[in-house]
Amino acid sequence: MTDRFRALVVDKSDASFSVEIKEMTLDELPPGEVTIRVAWSGVNYKDGLAGIPDGRILETYPLIPGIDLAGTVIHSSDSRFKEGEEVIVASAELGVSHNGGFSEMARVPGDWVIPLPEGLTLKEAMVLGTAGFTAAMSIQRMEENGLKPEKGPVLVAGATGGVGSTAVAMLAKRGYTVAAGTGKADVQDYLRRLGAAEILPREELTNPKQRPLLKSRWAGAVDPVGGETLSYLLSTMKFGGSVALSGLAGGGKFASTVYPFILRGVNLLGIDSAHVSNAYRRKVWHRLATDLKPEGLLDWIGAEEITLDDLPAAMSTILQGGVRGRKLVKLS
């Protein structure tokens, strides 16, 4: 086991900001019971925010970003994990306040570690990654609140992004009629392949007159966008419908009234993948390896492999909405 490895490090001071590849030693990693040789990580919207000075994601500097990783245990003082075991770490405080996945080596608390479920490879786990976990958790929470295929169509906003594209494929596999909302004009074939039955341009997902209620259309919605899109979704839910909100790519503010909630019984479900219990996390990952795993996972998502050296550009691109599907960082 070599003591030296490469990692992408973000640093910030009053006078400067940097994103660069550095050579590090194991002694520079933070405390934790499990040391992992990282095989794959994924580029998420949060990771993009970590690469800009005003991203407001990183809680300390310098830090290695990367909110998910998959790899092999090389040392463990936690009896639940042994050397050679394949594992996943996704969300928790990884890549936010604790050195993350954009590194050839990582050391994390044992409570963050998930054994790789049977039915997934390390690469497939990161094709899904935090984005796939967030999509699956969105579906899990909506189904806990009564969503079933027979209740009606489900809308996925931001359908070409990491959360959106995986949600479309998962919902289609579960037998839902899926509508995909997107601001991109050239993605219809891609979204149809994922399983979308209907494709809506972003301009239709608005409520410009801010009416409290519009015609009810959707039994549920996966929303990684927020902003105006959320206002539209709340006003168009069927009775008892649920909106699973996980992001703010469209803005952190939205306009609404109490009427969707008290007249249609709409559920607004906040999806925070970082602070769920380890038991709940394992439950969702089990579904990702079974009933929510799309057929031909490595083919349908259009995952692009990149290296550490490609990361700064990829982190910038994802903030500009220029990523379709998933970018995977190959680390070992």
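When we follow UniProt numbering, the leftmost residue of the sequence shown carries the number 1, and every step to the right adds one.
Where is the CB? At the ideal position from N, CA and C, for every residue including glycine.
Taking a contact as a CB-CB distance under 8 Å, the pair Arg211 and Ser235 counts as one, their CB atoms being some 6 Å apart.
Using a Cβ distance threshold of 8 Å, Gly32 and Gly66 do not count as a contacting pair. With at least 16 other beta carbons inside 10 angstroms of its own, Val266 counts as buried.
Around Pro30, the same chain offers His98, Asn99 and Arg107 as residues with beta carbons nearer than 7 Å, after the five sequence neighbours per side are excluded.
The count of Cβ pairs closer than 8 Å, one atom from the stretch 276 to 290 and one from the stretch 254 to 265, stays below three, leaving the stretches out of contact. Taken atom to atom, the span from the alpha-carbon of Glu203 to that of Met142 is near 25 Å. Asn207 counts as buried, since no fewer than 16 other beta carbons sit within 10 angstroms of its beta carbon. Contact between the stretch 187 to 198 and the stretch 169 to 179 is established, with three or more Cβ pairs separated by less than 8 Å. By the Cβ test, the stretch 212 to 223 is in contact with the stretch 135 to 150, since at least three Cβ pairs between them sit closer than 8 Å. Under the 10 Å beta carbon count, Asn278 is surrounded by fewer than 16 other beta carbons and is classified as exposed.
Taken through DSSP and simplified to helix, strand or coil, Ile64 comes out as coil. A contact between stretches requires three or more CB pairs, one per stretch, nearer than 8 Å, and the stretch 45 to 64 fails this requirement with the stretch 82 to 90. Rounded to the nearest whole angstrom, the CA to CA distance from Thr307 to Ala39 is 11 Å. Within the DSSP secondary-structure output, Glu198 pairs in a beta bridge with Ala179. In the DSSP secondary-structure assignment, Asn267 is bridged to Ser242. Rounded to the nearest angstrom, the gap between the Cα atoms of Glu104 and Ser332 is 7 Å. Bounds of the alpha helix (DSSP H) holding Ala313 are Leu311 to Leu319.
Per DSSP, the continuous alpha helix (DSSP H) segment holding Trp285 begins and ends at Asn278 to Ala289. Leaving aside the five residues that flank Gln188 on each side, the residues in its chain whose CB is nearer than 8 Å to its CB run, in chain order, Ile199.
Arg37 is the residue among Arg37, Val19, Asp14 and Lys327 whose C-alpha sits nearest the C-alpha of Arg4.
Using a Cβ distance threshold of 8 Å, Gly48 and Leu319 count as a contacting pair.
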